[in-house]
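Take a look at the structure below.
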Amino acid sequence: MSNSGRYTLGKSGRRRHKEEEDISAAADMLTSLPEPILSHILSFLDTKSAAQTSVLSRAWNSIWKYAPAVDLCRGSSQRASAFKEFVHEVLSSRSHVNVRKVTYVDKIARWSDETDKSVFMEVIQYALSHDVQQLVVDAGSDSTDFRDFYRFPGMFGSISNSNLKSLELNYLVFDTAFVSSGFKMLTSLCLADCALAGEKGEDLDPFSRFPCLTNLVLRAVEPVGGAVRVCGSQLLRLELDEMKSFEIEVFAPKLKFFRLRQRASPQELLSLTVPSLDHAEVALTGLSLSDIESNFTTWEEWMRQNFHFLFRGLHNTKSLKLDANVIEVLRRICVFLGRQLSPFRRLESLIVPTDSLPYELFHYLFKGSSCEEPYILLDL
47 MSNSGRYTLG KSGRRRHKEE EDISAAADML TSLPEPILSH ILSFLDTKSA
97 AQTSVLSRAW NSIWKYAPAV DLCRGSSQRA SAFKEFVHEV LSSRSHVNVR
147 KVTYVDKIAR WSDETDKSVF MEVIQYALSH DVQQLVVDAG SDSTDFRDFY
197 RFPGMFGSIS NSNLKSLELN YLVFDTAFVS SGFKMLTSLC LADCALAGEK
247 GEDLDPFSRF PCLTNLVLRA VEPVGGAVRV CGSQLLRLEL DEMKSFEIEV
297 FAPKLKFFRL RQRASPQELL SLTVPSLDHA EVALTGLSLS DIESNFTTWE
347 EWMRQNFHFL FRGLHNTKSL KLDANVIEVL RRICVFLGRQ LSPFRRLESL
397 IVPTDSLPYE LFHYLFKGSS CEEPYILLDL
């Protein structure tokens, strides 16, 4: 019998048809999810992408407007006027929505000479007036000069009240003179590639004005003024990463975690008071052994100027992690260290990237500890 006029799917056709049915079923299942779950899913997208999902279904037409996060990221081809209009439309549609997190990223405005600060100000004012708990602002790049551009909170005056719990700023001027008691709820602060600016000739001490601050990260921060004080009565975690050269004082009686990652030599610490420390990490980046040998008479001299005071400040830590560059430096003076008193009183564990640690170095680090069975962990 002839099969003309009858169409039969082959194996590949049946497989493709089955895949299309599965995709359609998955789409139907996704659409049928409750709005709170859909809103949560959309919160993982940037706001522009979330808004574009409205074309998928009428049911999705406005769900993106109720997502608990606003992520405003300017695309490389997006004109300033279009981005400004988009930001205004998004924030206007969220005036009565409980938004927990706001992210603002615009790395284009500076090198394109588009210095309209109104978008930045609208985003920040929205976050400060709508009980936003987490704010992330990234407004620059390595090739830009941030000094005379965005200033926070100086552009808004002294902030009287804010419910922010987490604040991350990139490429801004952080006006310490304007940091008042308006950040009573802040628990986490990250400043990256920012300038610290305060009253001329005065030391900078902004962090003591955050009574609930428990986590502080300073990355490539440059001071415009005197020494910087990091004082936090509730501070539990402190990270200093690639800091610009300046004098710093640390007073954190409850600090549990301390990380120092510095180029060539540790930070010039005027004081380091962290009596409750449990874990410390020290790393050197861009280390040039030849530069050290040419600038110092002996390695012992370099040790005294760079690590001796730091180790004394970390004397109460229970756990110490050292990177390969630090180990390389200490290895060169291990005989000298073996004759020195160890500053560490509670050290229980050492985390290093090598299993061939000189005995003199091991002895120096642990001989002052009250721990009866110290141990080494290999950091691969």
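If you're matching positions, the sequence shown starts at 47 in the working numbering and goes up one per residue. The C-beta atom is built at its ideal place from N, Cα and C for all residues, glycine as well.
So the candidates are the options; which of them puts its Cα closest to the Cα of residue i?
i      : options                        : result
Lys367 : Phe357, Pro114, Glu327         : Glu327
Leu118 : Leu282, Ala173, His142         : Ala173
Val183 : Ser175, Leu403, Asp239, Glu131 : Asp239
Tyr410 : Phe342, Glu419, Val381         : Val381
Arg255 : Gly244, Ser234, Cys236, Val225 : Val225
Asn144 : Phe166, Leu282, Tyr421, Gln179 : Gln179
Arg377 : Leu387, Lys130, Phe408, Leu215 : Phe408
Ile379 : Leu335, Ser365, Leu284, Gly359 : Leu335
Tyr196 : Ser138, Ala243, Leu235         : Ala243
Glu346 : Val133, Gln386, Arg307         : Gln386
Val133 : Pro114, Val165, Ala113         : Val165
Have a look at residue i and residue j and give me their C-alpha separation to the nearest angstrom.
i      : j      : result
Leu323 : Thr260 : 14 Å
Val357 : Val219 : Reading off the sequence shown, one finds Phe at residue 357, where the question assumed Val. Using only the alpha carbons, I get a separation of about 32 Å.
Leu333 : Asn371 : 7 Å
Lys147 : Ala128 : 23 Å
Val267 : Val375 : 26 Å
Lys302 : Gly384 : 28 Å
Gly271 : Thr222 : 11 Å
Leu250 : Ala241 : 11 Å
Ser415 : Glu406 : 15 Å
Ala329 : Ile397 : 12 Å
Gly359 : Arg305 : 13 Å
Asn216 : Val263 : 12 Å
His142 : Gly228 : 23 Å
Tyr421 : Phe412 : 9 Å
Glu419 : Asn352 : 29 Å
Pro199 : Pro269 : 16 Å
Glu168 : Phe253 : 25 Å
Glu214 : Thr343 : 42 Å
Going by beta carbon distance, what residues of the same chain come within less than 6 Å of residue i, once the five residues before and after it are set aside?
i      : result
Thr319 : Phe297
Leu424 : Asp401
Asn209 : Asp177, Met231
Ala72  : Interpretation of Ala72 is limited by its pLDDT of 48, a score under 50 that renders its predicted location unreliable; the figure taken from the coordinates is listed afterwards. Answer for Ala72: no residue qualifies.
Asp152 : Arg120, Ala185
Thr149 : Asp117, Val182
Ser212 : Gln180, Ser234
Report the partner residues of residue i according to the DSSP bridge assignment.
i      : result
Gln308 : Leu330
Phe353 : Answer by DSSP bridge pairing: none, since Phe353 is not bridged.
Val225 : Per DSSP, none; premise fails for Val225.
Ile294 : Val274, Leu315
Lys367 : Glu327, Ile397
Val183 : Tyr150, Leu215
Asp117 : Thr149
Cys16  : A question about residue 16 goes unanswered here, because the residues of the chain that appear run from 47 up to 426.
Arg377 : According to DSSP, which records beta bridges pairwise, Arg377 is partnered with nothing at all.
Might you give, ordered along the chain, the residues of its own chain that have their beta carbon closer than 7 Å to the beta carbon of residue i, omitting 5 neighbours on each side?
i      : result
Asp68  : Residue confidence for Asp68 is low, a pLDDT of 49 falling below 50, so the modelled location carries little weight and cannot support an answer.
His361 : Pro389, Phe390, Arg391
Arg309 : Glu288, Thr331, Gly332
Cys258 : Lys230, Met231, Leu232, Thr233, Gln280
Could you tell me the boundaries of the alpha helix (DSSP H) in which residue i lies?
i      : result
Ser138 : 126–139
Arg392 : From DSSP, Arg392 is part of no alpha helix (DSSP H); its letter is neither H nor E.
Ile170 : 164–175
Cys380 : 380–384
Tyr410 : 405–412
For the beta strand (DSSP E) containing residue i, name the first residue and the last one.
i      : result
Leu286 : 283–287
Leu262 : 261–265
Tyr150 : 147–151
Glu268 : 268–270
Phe220 : 219–221
Asp214 : For the record, residue 214 in the displayed sequence is Glu; it is not Asp. Residues 212–216.
Leu301 : Counting along the chain, Leu301 falls outside any beta strand (DSSP E), and DSSP gives it neither H nor E.
Leu423 : 421–424
Leu387 : Per DSSP, Leu387 belongs to no beta strand (DSSP E) and is neither H nor E.
Leu242 : 241–243
Please go through the same chain and pick out, in chain order, the residues whose beta-carbon is closer than 8 Å to the beta-carbon of residue i, but skip the five residues on each side of it.
i      : result
Ile294 : Ala273, Val274, Arg275, Val276, Leu286, Gln313, Glu314, Leu315, Leu316
Pro399 : Asp369, Ala370, Ile373, Leu424, Asp425, Leu426
For a test of your reading of the model: does the CB of residue i fall under 8 Å from any non-hydrogen atom of the ligand COA? Yes or no.
i      : result
Leu318 : The ligand COA is absent from the structure shown, which contains no ligands of any kind.
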